[in-house]
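Residue numbers (our numbering): 5 to 158.
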């Protein structure tokens, strides 16, 4: 499962095809590409009411749903929010023509991976701001940051 990162569902995925993943009375997050505004959807059926919450912002869904539907290759699967949070990684693009030595970066961030000027820090529920404060105090110039969700690469 998940050789790399989970991916947003394609906009062409029919929402009714997600109903088998949803349980009555529990909101299932739907990480949907191109969903410009969060949308709450209710389906009434013989097994009860099933609730979907679709959004493009995974962080938004993780704060509101216990499980989230994501794409794993071509397959749609349901993943517990706690698992997705565990895959949360802060990627910092360093803005220096000469990067600090790998040993210096490992001393600052023992769990980090460094590749091609990008520092990847597993942060789980931790704060991105804390890691960026360390960069500032050590005068590591930062060009950009992003949050990624990397399965099996922690």
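Glycine included, each C-beta is placed from N, C-alpha and C at the ideal position.
Exposure label - residue i; buried when at least 16 CB within 10 Å
i           : result
residue 100 : exposed
residue 151 : exposed
residue 6   : Residue placement at residue 6 is flagged as unreliable, the pLDDT there being 49, under the threshold of 50; a coordinate-derived value is accordingly withheld.
residue 33  : buried
residue 53  : exposed
CB of residue i within 8 Å of CB of residue j, strictly
i           : j           : result
residue 127 : residue 154 : no
residue 82  : residue 13  : no
residue 135 : residue 125 : yes
residue 138 : residue 112 : yes
residue 35  : residue 57  : no
residue 109 : residue 121 : no
Residue i versus residue j: straight-line alpha-carbon distance, rounded
i           : j           : result
residue 10  : residue 59  : 15 Å
residue 158 : residue 88  : Low local confidence applies: a pLDDT of 39 at residue 158 is under 50, so the model's placement there is unreliable, and no value is given.
residue 30  : residue 55  : 6 Å
residue 18  : residue 117 : 38 Å
residue 16  : residue 71  : 21 Å
residue 129 : residue 84  : 14 Å
residue 37  : residue 66  : 16 Å
residue 78  : residue 115 : 31 Å
residue 73  : residue 22  : 8 Å
residue 46  : residue 64  : 18 Å
Opening and closing residue of the alpha helix (DSSP H) in which residue i lies
i           : result
residue 88  : 85 to 90
residue 152 : Looking at the DSSP string, residue 152 is not in any alpha helix (DSSP H); the run it does join, the beta strand (DSSP E), is 146 to 153.
Delimiting residues of the beta strand (DSSP E) encompassing residue i
i           : result
residue 119 : 117 to 119
residue 52  : 52 to 59
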